[in-house]
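A.B. asks: First the structure, which I've put down as structure tokens, then a few questions once you've had a look.
Chains as they are written, first to last, in this note's numbering: chain A, 1 to 211; chain B, 1001 to 1133.
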């Protein structure tokens, strides 16, 4: 069985590099084939992590600049701009984070959209449809050996953080109202405060689990 | 010019007692910092706050949480003056755009329009050289 498969696959090295059950059956030929320099598959080289961070930062700058300046991208994200909405926006798209893989081949862009549900879908769909265009523009702007593949992911962390802060503010407001009422009773000042602190901890734990 | 400065000096005393129902919030969001300025419709500054003045230093100034606190601080000073409606003008890339917008919505001020006023040259000054990575 393994021999038949080896005949069918042209890049022999790739078959052996993938972890599969065939590796255990034929140990010796794999060592020979791995030493071959010729590879038909993609070149894999791990870059310096500092350089990866720098590339990520530069990609973030370029993408944000493109979102602000490039007409094509703006029309993709906000179709109303094509009609001449003249900077009165219904949704604001921001690139919150860029993660680059260690070999600089895949870039995950986390996009956060402020606006209603429909605006979010339109913005993300527009960006995904222009992924190839963005990749070519990035290649023109940045000097990289291989322009990476770009994937857009929706980032909800900002929204979640905002919700958490809103809930915390509400609790603080309720606590201050309760504190104002309890200020009149000075004898019981210690224990109600302790109870309130314990009560405050529980809602915080609930918030962490609610996603 | 001297007459104008005297007039501004007198209006400074009046500014603190003014009630403004409508105003404009400018958010300048750069990669390293966010500045939130609240002005009236004509453009005269009422109060401002930034991520740096809120106590964050260094890389934490650029985070969206810092932008949220800066926006909250700037608006708290103005809500006492009775501002209900506002227009938001956003300038620049950066995470402060999103964070400040969410903080403004959370604070309860009705904002009618969000405008993007990033300065765009019609191909004027030469931009700084490309960063080599």
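The C-beta atom is built at its ideal place from N, Cα and C for all residues, glycine as well.
#1: Distance, Cα to Cα, residue 73 (chain A) vs residue 122 (chain A)?
#2: Please list, in chain order, the chain A residues whose beta carbon lies closer than 8 Å to that of residue 1098 (chain B).
#3: Can you list the alpha helix (DSSP H) stretches of 4 or more residues lying completely in the segment 1086-1112 of chain B, in chain order?
#4: Cβ closer than 8 Å: which chain B residues qualify as neighbours of residue 142 (chain A)?
#5: In this structure, does DSSP put residue 100 (chain A) in helix, strand or coil?
#6: What residues in its chain sit with their C-beta under 8 Å from that of residue 1081 (chain B), if we drop five residues either side in the sequence?
#7: Suppose contacts are defined by Cβ-Cβ distances below 7 Å. Is residue 1025 (chain B) in contact with residue 1086 (chain B) by that definition?
#8: Looking at the C-beta of residue 1064 (chain B), does it have a partner C-beta in chain A at a distance below 7 Å?
#9: With DSSP run on the structure shown, which of helix, strand or coil describes residue 146 (chain A)?
#10: With a threshold of 7 Å between beta carbons, is residue 162 (chain A) in contact with chain B?
#11: Identify, in the order they occur along the chain, each residue of the same chain with its Cβ nearer than 6 Å to the Cβ of residue 71 (chain A), setting aside the five sequence neighbours on each side.
#12: Quick check: the segment 1109-1117 of chain B against the segment 166-182 of chain A, are there 3 or more CB pairs under 8 Å?
#13: Name the chain B residues that come within less than 8 Å of residue 166 (chain A), Cβ to Cβ?
#14: Among A:62, A:108, A:48, which one has its Cα closest to the Cα of residue 1131 (chain B)?
#15: Chain A partners of residue 1118 (chain B), CB-CB under 7 Å?
#16: Helix, strand or coil for residue 69 (chain A) per DSSP?
#17: Please list the terminal residues of the continuous alpha helix (DSSP H) segment that includes residue 1035 (chain B).
#18: Going along the chain, which residues of its own chain have a beta-carbon closer than 8 Å to the beta-carbon of residue 111 (chain A), five neighbours each way excluded?
#19: Within a Cβ cutoff of 7 Å, which residues of the same chain sit near residue 21 (chain A), ignoring the five residues on either side of it in sequence?
#20: Is DSSP giving residue 47 (chain A) helix, strand or coil here?
#21: Do three or more CB pairs link the segment 1068-1075 of chain B to the segment 1094-1108 of chain B at distances below 8 Å?
#22: In this structure, how does DSSP classify residue 180 (chain A) when only helix, strand and coil are distinguished?
#23: Does the beta carbon of residue 942 (chain B) sit closer than 7 Å to a beta carbon anywhere in chain A?
#24: 7 Å is my cut-off, CB to CB: does residue 1128 (chain B) come that close to chain A?
#25: To the nearest angstrom, how far is it from the Cα of residue 150 (chain A) to the Cα of residue 80 (chain A)?
#26: Using only CA atoms, which one of B:1063, B:1053, B:1120, B:1066 lies nearest to residue 68 (chain A)?
#27: How many angstroms separate the CA atom of residue 1041 (chain B) from the CA atom of residue 130 (chain A)?
#28: In or out: residue 1122 (chain B) buried (at least 16 other Cβ within 10 Å) or exposed?
#29: Beta-carbon within less than 7 Å of residue 1039 (chain B)'s beta-carbon, same chain only, minus the 5 sequence neighbours each way: which residues are those?
#30: Taking residue 1061 (chain B) as the reference, which of B:1028, B:1078, B:1084 has the closest Cα?
#31: Taking the alpha-carbon positions, what's the residue 132 (chain A) to residue 163 (chain A) distance?
C.D. replies: Looking at the coordinates:
#1: 12 Å
#2: 92, 94, 96, 112, 114, 158
#3: 1096-1107
#4: 1133
#5: strand
#6: Closer than 8 Å at the Cβ level, and outside the excluded window around residue 1081 (chain B), lie 1018, 1019, 1020, 1046.
#7: At the C-beta level, residue 1025 (chain B) and residue 1086 (chain B) come within 7 Å of one another.
#8: yes
#9: coil
#10: Cβ-Cβ to chain B under 7 Å: yes for residue 162 (chain A).
#11: none
#12: No, the segment 1109-1117 of chain B does not touch the segment 166-182 of chain A.
#13: 1106
#14: Of the listed residues, the one whose Cα sits closest to residue 1131 (chain B) is A:62.
#15: 68
#16: In the displayed model, residue 69 (chain A) falls within a helix according to three-state DSSP.
#17: Counting along the chain, residue 1035 (chain B) falls outside any alpha helix (DSSP H), though it belongs to the beta strand (DSSP E) covering 1034-1040.
#18: 93, 94, 95, 96, 123, 124, 127, 152, 153, 154, 155
#19: For residue 21 (chain A), the predicted structure reports a pLDDT of 47, less than 50, and the residue's modelled location is therefore unreliable. A value from the coordinates is still provided. Hits under 7 Å: none found.
#20: In this structure, residue 47 (chain A) counts as coil in the three-state DSSP scheme.
#21: yes
#22: helix
#23: Given that chain B is displayed from residue 1001 to residue 1133, the structure contains no residue 942 (chain B) and the question cannot be resolved.
#24: no
#25: It is roughly 25 Å from the alpha-carbon of residue 150 (chain A) to the alpha-carbon of residue 80 (chain A).
#26: B:1120
#27: 38 Å
#28: exposed
#29: Shown here for residue 1039 (chain B): same chain residues with a beta carbon closer than 7 Å to its own, the five before and five after excluded, namely 1023, 1024, 1026, 1045, 1046 in chain order.
#30: B:1028
#31: 34 Å
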